[in-house]
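To start, the structure itself, in structure tokens.
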Amino acid sequence: MAKTIEEVRQWLDSMVNTRPYDKQDPINSGQCVSLIKTLLEFLGVPNPYAARGDAKDYGDALLSQGIAKNGSGLLNVHVNRLDGKDGYGVIHGHIWVTIGRDLWQSNYMNDLKVTKNTPQSFAISQTINLDRWLSNNNSNSKGGIKMYIIQCSDTGHFYVSNGVDIRYIKTTRVLDAYQSKWAKLGLPIDVMYQGEVDKEFGKNATNPNRDIAKC
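Numbered according to my numbering, the sequence shown spans residues 9 to 223.
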């Protein structure tokens, strides 16, 4: 059964100060990837403990297997491909989870436990999201539909979406109003290419003639 974003948040909070257990590779329990594996199991992803490489390769593996989508969303996984050297100088990378401004990671500073909102010193090499495993019943703190802004990096277009419907934001005045209104709720801004948005929602839906002001 699909989880709501709040159920995922509560589960992640329950993992704080625990060592994520890797059922496939117990010796590596507590590593950063083990948190992602246990999260996949919680979300109901098939074969959550399958070998998918080191942290630096894990995002690409999830994308290639159709488990995740590229870019940010509600439930994000971030990958660092440049750090995380072992005692032999081999780079394994690092991987962690965010929802809004909150961050969960395992094996921060080699402690093999999950921490929340610890200082993040790793650069982000890749961001993917696991939103396809979430229930559509994701609500904000005021009981409404969870909204977010999509910014197209190549065309400069902005949209507002609830994950199902999407509307073009025509003017900076309306954009400023949305950002000001939703910033207090931590509404995420998803940066994507126009082609990705068109593919996900359809060109008819992303047509600038469907201005939010016309709703």
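Think of the CB as a built atom: it goes at the ideal place given N, C-alpha and C, for glycine as much as any other residue.
With DSSP run on the structure shown, which of helix, strand or coil describes residue 155?
In the sequence shown, the residue the question calls residue 155 occupies position 147. DSSP places residue 155 in coil when its eight states are reduced to three.
Considering only DSSP beta bridges, list what residue 40 is partnered with.
In the sequence shown, counting from the first residue as 1, residue 40 sits at position 32. In the DSSP assignment, no residue is bridged to residue 40.
Simplified DSSP state of residue 53, which is helix, strand or coil
Here residue 53 refers to the residue found at position 45 when the sequence shown is read from its first residue. Three-state DSSP puts residue 53 in coil, outside helix and strand.
For the candidate residues 40, 68 and 217, whose alpha-carbon lies nearest to that of residue 115?
Position 107 of the sequence shown, counted from the start, is the residue given in the question as residue 115. Out of 40, 68 and 217, 40 has the C-alpha closest to the C-alpha of residue 115.
In the DSSP output, which residue or residues are listed as bridge partners for residue 175?
Along the sequence shown, read from residue 1 onward, the residue named residue 175 stands at position 167. Per DSSP, 168.
Apart from the five residues on each side of it in sequence, which residues of its chain come closer than 7 Å, Cβ to Cβ, to residue 125?
Within the sequence shown, the letter at position 117 stands for residue 125. When the five nearest sequence neighbours on each side are left out, the beta carbons in the same chain lying within less than 7 Å of the beta carbon of residue 125 are those of 110 and 111, in order along the chain.
Please say whether residue 121 and residue 67 have beta carbons closer to each other than 9 Å?
Within the sequence shown, numbered from 1, the residue matching residue 67 stands at position 59. Within the sequence shown, numbered from 1, the residue matching residue 121 stands at position 113. Not closer than 9 Å, so no.
Is the beta carbon of residue 156 closer than 9 Å to that of residue 81?
Locating residue 81 in the sequence shown gives position 73, counting from the first residue. Locating residue 156 in the sequence shown gives position 148, counting from the first residue. Contact flag set, yes.
If you compare alpha carbons, which of 183, 199 and 210 is closest to residue 173?
Within the sequence shown, residue 173 is the residue found at index 165, counting from 1. Ranking 183, 199 and 210 by Cα distance to residue 173 puts 210 first.
Using CA atoms only, rank isn't needed, just tell me which of 32, 165 and 170 is closest to residue 178.
Start at 1 with the first residue of the sequence shown, and residue 178 comes out as number 170. Here the closest residue by C-alpha is 165.
Is the distance from the Cβ of residue 16 to the Cβ of residue 47 below 9 Å?
Reading the sequence shown from its first residue, position 8 is the one you call residue 16. Reading the sequence shown from its first residue, position 39 is the one you call residue 47. Contact check for residue 16 against residue 47 passes: the beta carbons are separated by less than 9 Å.
For residue 90 and residue 99, I'd like the C-alpha separation in whole angstroms.
Position 82 of the sequence shown, counted from the first residue, corresponds to residue 90. Position 91 of the sequence shown, counted from the first residue, corresponds to residue 99. Note on geometry: alpha-carbon atoms of residue 90 and residue 99 lie some 7 Å from one another.
Which stretch, first to last residue, makes up the beta strand (DSSP E) that contains residue 126?
The residue given as residue 126 occupies position 118 in the sequence shown. DSSP places residue 126 in no beta strand (DSSP E); its state is neither H nor E.
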